[in-house]
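Taking it in order: structure first as structure tokens, then the write-up.
Numbering (this note's numbering), first residue to last: 3 to 51.
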């Protein structure tokens, strides 16, 4: 319950000028986006058969 969300973590990193952490969080967001896109792409191909 005490864990910050990814958005809060990114905002805090930017406010503290912690660019390595900010970039790491952005890479995690990118990876999540790629995985979600792949899952929806697979679902789309299965539905359109």
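Even for Gly, the Cβ is constructed at its ideal location relative to N, Cα and C. On a predicted model such as this, the values are computed, not experimentally measured, just so you know.
Taking only beta-carbon atoms, is residue i less than 8 Å away from chain E?
{"i": "residue 41", "result": "Annotation note: the requested chain E is absent from the structure, which comprises a single protein chain."}
Does DSSP put residue i in a helix, a strand or coil?
{"i": "residue 51", "result": "coil"}
{"i": "residue 35", "result": "helix"}
My understanding is that residue i touches residue j, with C-beta atoms under 8 Å, so please give their C-beta distance in whole angstroms.
{"i": "residue 16", "j": "residue 26", "result": "Not quite, the Cβ-Cβ distance comes to about 12 Å (not below 8 Å), so this is no contact."}
With 16 other CB atoms within 10 Å as the buried threshold, where does residue i fall?
{"i": "residue 44", "result": "exposed"}
Which residue marks the beginning of the alpha helix (DSSP H) containing residue i, and which one marks its end?
{"i": "residue 9", "result": "8-17"}
Quiz prompt | Segment contact flag, the region 27-34 with the region 3-16, C-beta cutoff 8 Å, min 3 pairs | solution = Flag = yes, the region 27-34 and the region 3-16 touch.
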